[in-house]
Amino acid sequence: MENNSQASWQEEAQRVAFGIRKQVLELTIERNGCYLSQALSSAEILATLYTKVMNLGPSVAPMLPPPYEGVPGPDVPAGSGGLYHGEQAPHLDRFLISPAHYAVAIYAALVEVGRMDRAGLKQFNVDGYSVEMIGAEHSPGFELTTGSFGQAVSQAGGIAMGRRLKGHTGRTFVFMSDGELEEGQTWEAVQALAFYKMDSVIVYVDVNGQQVDGLTKDIMNIEPINSRLLGFGASVSVVDGHDVGALAKAADEGEAGKPHFVLCYTDTAKGIPLLEERKPKLHYVRFKNEAEMAIYQTFLDEMSFEKMEVA
Numbered sequence: 286m287e288n289n290s291q292a293s294w295q296e297e298a299q300r301v302a303f304g305i306r307k308q309v310l311e312l313t314i315e316r317n318g319c320y321l322s323q324a325l326s327s328a329e330i331l332a333t334l335y336t337k338v339m340n341l342g343p344s345v346a347p348m349l350p351p352p353y354e355g356v357p358g359p360d361v362p363a364g365s366g367g368l369y370h371g372e373q374a375p376h377l378d379r380f381l382i383s384p385a386h387y388a389v390a391i392y393a394a395l396v397e398v399g400r401m402d403r404a405g406l407k408q409f410n411v412d413g414y415s416v417e418m419i420g421a422e423h424s425p426g427f428e429l430t431t432g433s434f435g436q437a438v439s440q441a442g443g444i445a446m447g448r449r450l451k452g453h454t455g456r457t458f459v460f461m462s463d464g465e466l467e468e469g470q471t472w473e474a475v476q477a478l479a480f481y482k483m484d485s486v487i488v489y490v491d492v493n494g495q496q497v498d499g500l501t502k503d504i505m506n507i508e509p510i511n512s513r514l515l516g517f518g519a520s521v522s523v524v525d526g527h528d529v530g531a532l533a534k535a536a537d538e539g540e541a542g543k544p545h546f547v548l549c550y551t552d553t554a555k556g557i558p559l560l561e562e563r564k565p566k567l568h569y570v571r572f573k574n575e576a577e578m579a580i581y582q583t584f585l586d587e588m589s590f591e592k593m594e595v596a
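Each residue of the sequence shown is one higher than the one before, counting from 286 in our numbering.
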């Protein structure tokens with residue numbers, strides 16, 4: 286039997302996940318196009334990381350994201366989008382976002398956990414603002430640009446090594462997509478993390494099995510991910526990516542001296558079953574006509590946390 290505090294954080298995480306889905310569906314309808322399925326598959330992962338797993342300081346960024354002022358640097362007051370994750374204190378965790386096209390899910394998560402004003406979503410993909418469709422180092426929640434697909438694990442290794450040399454105790458978390466496991470740089474990074482015994486690095490992978498051209502297994506199969514990561518020297522947990530309890534527990538299952546990967550197997554239509562008929566082409570959702578949009582609008586209007594099937 287779970288105690289009350291345990292039940293409370295789980296319900297909070299589930300409510301955050303629901304909010305992510307609802308906000309991104311609303312944006313998809315407003316803009317007639319968005320990375321909706323990525324938000325659906327990653328909602329519980331992000332919700333659990335923000336509400337339970339990571340030890341982040343309070344946001345030190347403006348609640349309403351300012352207009353784009355340039356690449357973060359000494360002459361750009363707005364600074365890095367990573368400021369939404371708080372100050373970089375030695376005892377606090379760091380959170381790096383690898384798949385930049387998941388930006389809308391990150392923004393929605395920041396809103397749901399009180400790190401960004403909901404009005405900021407009105408700036409999404411609007412010229413002159415930092416709330417970009419493809420997140421970069423000035424976008425809310427993005428500490429670094431991840432450049433070409435699959436660079437954040439390498440960046441995490443460098444950051445974690447620097448933190449180790451400085452005696453920091455905080456961990457370095459990475460959120461990435463399974464498609465990035467097609468990139469050679471990702472595997473080089475895993476190898477380096479294992480060689481240098483970077484057990485402060487914890488990587489959550491959204492294994493939703495899809496990419497732009499269809500199912501990953503049909504385009505460039507990456508399975509068995511588990512045994513491949515083990516072979517490269519990492520420790521691995523395999524979980525249902527919509528089970529907030531399992532997602533939280535996995536963060537503490539790593540082995541000493543090894544980077545830890547949490548493989549989160551997810552559903553790209555979770556919470557919005559209307560999308561099932563579109564599978565496997567769900568990389569970017571745009572409606573075919575006004576009639577289809579109206580169906581999704583009705584679904585949005587009727588969405589409520591109490592009626593949703595939650596993990």
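Heads up, the beta-carbon is just placed ideally off N, CA and C, and yes, glycines get one too.
If residue i sits next to residue j, beta carbons under 8 Å apart, how far is it from one beta carbon to the other, in whole angstroms?
i	j	result
residue 488	residue 461	6 Å
residue 390	residue 305	6 Å
residue 475	residue 429	Rounded, the Cβ-Cβ distance is 18 Å, inconsistent with contact.
residue 397	residue 523	About 26 Å; that fails the 8 Å criterion.
residue 440	residue 387	16 Å between Cβ atoms; not a contact.
residue 592	residue 325	That pair is no contact at about 16 Å.
residue 366	residue 422	6 Å
residue 369	residue 426	5 Å
residue 543	residue 516	Incorrect: roughly 12 Å between the Cβ atoms, too far for contact.
Which of the three DSSP states is assigned to residue i in this structure?
i	result
residue 382	strand
residue 578	helix
residue 523	strand
residue 427	coil
residue 320	coil
residue 545	strand
residue 296	helix
residue 353	coil
residue 460	strand
residue 559	helix
residue 497	coil
residue 529	helix
residue 301	helix
residue 550	strand
residue 589	coil
residue 286	At residue 286, the pLDDT of 34 sits below 50, so the modelled position is not reliable; the number obtained from the coordinates is stated separately. Residue 286: coil per DSSP, three-state reduction.
residue 539	coil
residue 335	helix
residue 570	strand
residue 358	strand
residue 412	coil
residue 326	helix
What is the residue span of the alpha helix (DSSP H) that residue i lies within?
i	result
residue 439	437-451
residue 365	Where residue 365 is concerned, there is no enclosing alpha helix (DSSP H), given that its DSSP letter is neither H nor E.
residue 391	388-397
residue 434	Per DSSP, residue 434 belongs to no alpha helix (DSSP H) and is neither H nor E.
residue 473	469-480
residue 371	Note, residue 371: premise wrong, no alpha helix (DSSP H); not H, not E.
residue 514	510-516
Classify residue i: buried if its beta carbon has 16 or more other beta carbons within 10 angstroms, exposed otherwise.
i	result
residue 520	buried
residue 340	exposed
residue 349	exposed
residue 293	exposed
residue 455	buried
residue 571	exposed
residue 540	exposed
residue 409	buried
residue 450	exposed
residue 432	exposed
residue 559	exposed
residue 503	exposed
residue 307	buried
residue 575	exposed
residue 415	buried
residue 417	buried
residue 303	buried
Hey, could you find the ends of the beta strand (DSSP E) residue i is sitting in?
i	result
residue 487	486-492
Does residue i get closer than 9 Å to chain C when you measure Cβ to Cβ?
i	result
residue 427	This model lacks chain C altogether, as it is built from one protein chain only.
Stretch pair the segment 563-582 + the segment 504-518: three plus CB contacts closer than 8 Å: no
Report yes or no: do three or more beta-carbon pairs, one from the segment 323-330 and one from the segment 528-539, lie closer than 8 Å? yes
Using 8 Å as the Cβ pair cut-off and three pairs as the minimum, do the segment 373-386 and the segment 442-460 touch? yes
Taking 8 Å as the threshold, find out whether the segment 542-553 comes into contact with the segment 491-502 through three or more Cβ pairs. yes
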